[in-house]
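Peer 1: With numbering that gives the first Met the number 0 applied, the sequence shown corresponds to residues 0 to 235, in that order.
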Amino acid sequence: MKKYKLLLWDIDGTILNFEEAERFAIRKGFATLGIGECTDAMLADYVAINKRYWKMLERGEMTKPAILEGRFHEFFERYGIDTSLAEEFNAHYQVDLGDTICFHENALELIKEFKNDYKQYAVTNGTSLAQHRKLERSGLADVLDGYFISDEVGYEKPNKQFFDLAFKEIESQIGPFALDEVMIIGDSLTSDILGGNNAGITTCWYNPGAAMNDLNVTVDIELRSLNELKKILGIH
0 MKKYKLLLWD IDGTILNFEE AERFAIRKGF ATLGIGECTD AMLADYVAIN
50 KRYWKMLERG EMTKPAILEG RFHEFFERYG IDTSLAEEFN AHYQVDLGDT
100 ICFHENALEL IKEFKNDYKQ YAVTNGTSLA QHRKLERSGL ADVLDGYFIS
150 DEVGYEKPNK QFFDLAFKEI ESQIGPFALD EVMIIGDSLT SDILGGNNAG
200 ITTCWYNPGA AMNDLNVTVD IELRSLNELK KILGIH
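In structure tokens:
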């Protein structure tokens, strides 16, 4: 069985249930600013808008500040909400998103179980504000060996530069390692799996919904449940 030394975990959509936290944060923002009710249909529209904006970020077509407010500007405009509230709404949203902790399956328990055998780091494109709050409130900051947030690294996944800088820092902490000793575990084909391909490491796609791989990316391992990692890593 292949022996890995280093596990890179995506946070949103992999360790944490981002969709549940997103729903809560959006609806709380509506209540906080007194702009009415965010219906299920409105929320579905926002989710689609948000995904489109983040994919533009991953392709390098927009800056992060532009997408953070732009998504809400477009969303509010569609529903006749004052678009000048986009900046304030986003500020509330980042805090509420960071404070809403919903684990996927038993992700935290798995990370704790793997701690003695692997070095584990989080790699995320989320904002510094939201991600630091999540890491602290979830307990992940105390369990993981470290984390890399794109705002602080200076590059977004799937850019190779993100991983090059992360690997340089990790090597300074744990010593040399080979790329074939590294696995990234994530739910996004466009950021995690493509990023892993760009970095030359093993890719593990967390795909509980059995989505199709309709992109030209190489998936080395595919999971329906995070619990399958134990068998893949030879842990019983």
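Glycine included, each C-beta is placed from N, C-alpha and C at the ideal position. Predicted, not measured: the structure shown is a model, and the values here were computed from it.
Beta-carbon within less than 8 Å of residue 163's beta-carbon, same chain only, minus the 5 sequence neighbours each way: which residues are those?
Peer 2: 198
Peer 1: So what does residue 203 bridge to, in DSSP terms?
Peer 2: 184 and 220
Peer 1: Going by DSSP, which residues form a beta bridge with residue 119?
Peer 2: 6
Peer 1: Drop a sphere of 10 angstroms on the beta-carbon of residue 192, count the other beta-carbons inside from all chains shown, and report buried for 16 or more, exposed for fewer.
Peer 2: A residue is called buried once 16 or more other Cβ atoms fall within 10 Å of its Cβ, and residue 192 is buried on that count.
Peer 1: Residues bridged to residue 148 by DSSP?
Peer 2: 123
Peer 1: Classify residue 163 as helix, strand or coil using the three-state DSSP reduction.
Peer 2: Looking at residue 163 - three-state DSSP - the assignment turns out to be helix.
Peer 1: Would DSSP call residue 176 helix, strand or coil?
Peer 2: coil
Peer 1: So residue 216 packs on residue 3, CB below 8 Å; how close in whole Å?
Peer 2: Wrong, their Cβ atoms sit about 20 Å apart, outside the cutoff.
Peer 1: Once you ignore the five residues that flank residue 152 on each side, which residues in its own chain have a CB closer than 6 Å to its CB?
Peer 2: 161 and 164
Peer 1: By a C-beta neighbour count over all protein chains shown, 10 Å radius and 16 as the cutoff for buried, is residue 125 buried or exposed?
Peer 2: Around the CB of residue 125, 16 or more other CB atoms lie within 10 Å, so the residue is classed as buried.
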